[in-house]
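**Q**
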Amino acid sequence: MTAVPLAIFGGLAVIFAVLMLLQRTLFGSAMCLLIVLAQLAGMFFSMGAQLLAMMQILVYAGAIMVLIIIAIMAAPPRFSTLWASYDAPPAAVALILGVLLAEFLVVLLYEGAPLPTGEFTLSAAQVERQMSWLLFNRYAGVTELVGLLILAASLAVV
Amino acid sequence: MTPDRVVWLVSVLLFLCGLAALLLRRQLLAMLLGLELMINAANLNFVFYGREWSDAAGWTSALWVLAAAAAEAVVGLTLILALNRLAEPDTDSVRELEG
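If you read the protein sequences in the order shown, they are chains A and B.
Here the first sequence is numbered in our numbering, starting from 1282 and rising by one per residue.
Here the second sequence is numbered in our numbering, starting from 32 and rising by one per residue.
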């Protein structure tokens, strides 16, 4: 797995994530998020997780984003100010984000002990076969629970 | 730069953009978009390390997160549409539970 495709998809994802934050219209933000989700699907694909890449596009880009766009059409925002008015100054929020970013950069640059590589390196197809065994054997209960969660959410909406 | 550093950097920057949207934007829908971005940033690590360590539990978790995020988006959008009937549907006006 080389870093080049990951870097290309990831770079585009970060650019459009920043654009999503700064867009004036909600529709623009939603479109930028849609592009970020597509880049992430590309990253999943270049990691060999084809099933997850397809699910990302089907569920996220296909279903959730359509819902969000319908909600934007149904509920046009009625106030023009983009940013929240805070009792605490925005600088405080920017400070929090800055500290988080700095903390991460230290971790990134600190050449600590190398991460443990897998005891065995499986091909993507083998990992996917292992995933189906996990989903419907060892963690079948959790899979059913997630299904019930979606059912409950759908009923709650109605 | 190794693949894991690239994925780390991308997932943290996406997470911070989502967190900034959640903290700084005023419209509820923009905050929901930020939330979706944060969920996806976490999902990216699940998928990468599932592949890096040849352990399908990462991919399995990513699939569950995908499903749970779909349910969360549905309920969130319903609440936002319900709140839209208020005079000024933004985060400052939503303070009490009715009934």
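Note that CB positions come from ideal geometry on N, CA and C, so glycine has one too.
Everything numeric in this text was worked out from a predicted model, so none of it was measured.
1. Within the chosen definition, does the segment 1340–1347 of chain A reach the segment 1311–1323 of chain A through at least 3 CB pairs nearer than 8 Å?
2. For the ligand NAD, I want to know if residue 74 (chain B) counts as a neighbour, meaning its beta carbon is within less than 6 Å of at least one of the ligand's heavy atoms.
3. Residue ranges of each alpha helix (DSSP H) run of no fewer than 4 residues wholly in the segment 1294–1377 of chain A, ordered along the chain?
4. Is residue 1330 (chain A) near residue 37 (chain B), with beta carbons less than 7 Å apart?
5. Which chain B residues are close to residue 1411 (chain A), counting only those with a beta carbon under 7 Å from its beta carbon?
6. Is the beta carbon of residue 53 (chain B) less than 7 Å from the beta carbon of residue 62 (chain B)?
7. For residue 1326 (chain A), which residues of its own chain have a beta-carbon under 7 Å away from its beta-carbon, when the five flanking residues on both sides are left out?
8. I need the straight-line Cα distance from residue 1415 (chain A) to residue 1306 (chain A), nearest angstrom please.
9. Considering Cα atoms alone, identify which of B:58, B:83, B:87, B:45 is closest to residue 1381 (chain A).
10. Applying the 10 Å Cβ sphere with the 16-neighbour rule, what's the burial state of residue 1401 (chain A)?
11. CB residue 1412 (chain A) to CB residue 93 (chain B), shorter than 7 Å?
12. Would you mind stating whether residue 1301 (chain A) and residue 97 (chain B) have Cβ atoms separated by less than 7 Å?
13. Rounding to the nearest angstrom, what Cα-Cα distance links residue 1289 (chain A) and residue 116 (chain B) in this structure?
14. Can you pull the chain A neighbours of residue 66 (chain B), defined as C-beta to C-beta under 8 Å?
15. I'd like the span of the alpha helix (DSSP H) that includes residue 33 (chain B), first residue to last.
16. Between the Cα of residue 1287 (chain A) and those of A:1378, A:1319, A:1303, A:1299, spot the shortest distance and give me the residue it belongs to.
17. Identify every run of the alpha helix (DSSP H) within the segment 61–122 of chain B, keeping only runs that are complete inside it and at least 4 residues long; order them along the chain.
18. Can you find a CB in chain B that lies within less than 7 Å of the CB of residue 1323 (chain A)?
19. Could you check where the alpha helix (DSSP H) with residue 1411 (chain A) kicks off and where it finishes?
20. By a C-beta neighbour count over all protein chains shown, 10 Å radius and 16 as the cutoff for buried, is residue 58 (chain B) buried or exposed?
**A** In this structure, then:
1. Yes, they touch.
2. No copy of the ligand NAD occurs in the structure displayed, which carries no ligand at all.
3. 1307–1327, 1331–1336, 1346–1355, all fully within the segment 1294–1377 of chain A.
4. In the first sequence, counting from the first residue as 1, residue 1330 (chain A) sits at position 49. In the second sequence, counting from the first residue as 1, residue 37 (chain B) sits at position 6. Their beta carbons are not under 7 Å apart, which means residue 1330 (chain A) does not touch residue 37 (chain B) by this criterion.
5. As a position in the first sequence, residue 1411 (chain A) is number 130, starting the count at 1. 87, listed in chain order.
6. Position 22 of the second sequence, counted from the start, is the residue given in the question as residue 53 (chain B). Position 31 of the second sequence, counted from the start, is the residue given in the question as residue 62 (chain B). The Cβ atoms of residue 53 (chain B) and residue 62 (chain B) lie closer than 7 Å to each other.
7. As a position in the first sequence, residue 1326 (chain A) is number 45, starting the count at 1. Answer for residue 1326 (chain A): 1334, listed in chain order.
8. Here residue 1415 (chain A) is taken as the residue at index 134 of the first sequence, counted from 1. Here residue 1306 (chain A) is taken as the residue at index 25 of the first sequence, counted from 1. Their Cα atoms are separated by approximately 42 Å.
9. Here residue 1381 (chain A) refers to the residue found at position 100 of the first sequence. The shortest Cα separation from residue 1381 (chain A) among B:58, B:83, B:87, B:45 belongs to B:45.
10. Position 120 of the first sequence holds residue 1401 (chain A). Confidence in residue 1401 (chain A) is poor, its pLDDT being 49 and thus under 50, which makes the residue's placement unreliable; the coordinate value appears in the next sentence. With fewer than 16 other Cβ atoms from the protein chains shown falling within 10 Å of its own Cβ, residue 1401 (chain A) counts as exposed.
11. Here residue 1412 (chain A) corresponds to residue number 131 of the first sequence, with the count starting at 1. Here residue 93 (chain B) corresponds to residue number 62 of the second sequence, with the count starting at 1. Taking the C-beta atoms as reference points, residue 93 (chain B) is found no nearer than 7 Å to residue 1412 (chain A).
12. Taking the first residue of the first sequence as position 1, residue 1301 (chain A) is located at position 20. Taking the first residue of the second sequence as position 1, residue 97 (chain B) is located at position 66. Judged by their CB atoms, residue 1301 (chain A) and residue 97 (chain B) are not nearer to each other than the 7 Å cut-off.
13. As a working mapping, residue 1289 (chain A) is identified with position 8 in the first sequence. As a working mapping, residue 116 (chain B) is identified with position 85 in the second sequence. Each residue's Cα considered, the two are about 43 Å apart.
14. Position 35 of the second sequence, counted from the first residue, corresponds to residue 66 (chain B). Against chain A, the beta carbon of residue 66 (chain B) has no neighbour under 8 Å; the closest one sits roughly 11 Å away.
15. On the second sequence, residue 33 (chain B) is found 2 positions in, with the first residue counted as 1. No alpha helix (DSSP H) contains residue 33 (chain B), which DSSP labels as neither H nor E.
16. Position 6 of the first sequence holds residue 1287 (chain A). Nearest option by C-alpha distance: A:1319.
17. Counting whole runs of 4 or more residues, the segment 61–122 of chain B contains the alpha helix (DSSP H) stretches 88–114.
18. For this step, residue 1323 (chain A) is matched to residue 42 along the first sequence. At a cut-off of 7 Å between beta carbons, residue 1323 (chain A) makes no contact with chain B.
19. Position 130 of the first sequence holds residue 1411 (chain A). Where residue 1411 (chain A) is concerned, the enclosing alpha helix (DSSP H) stretches over 1405–1414.
20. Along the second sequence, read from residue 1 onward, the residue named residue 58 (chain B) stands at position 27. So residue 58 (chain B) counts as buried.
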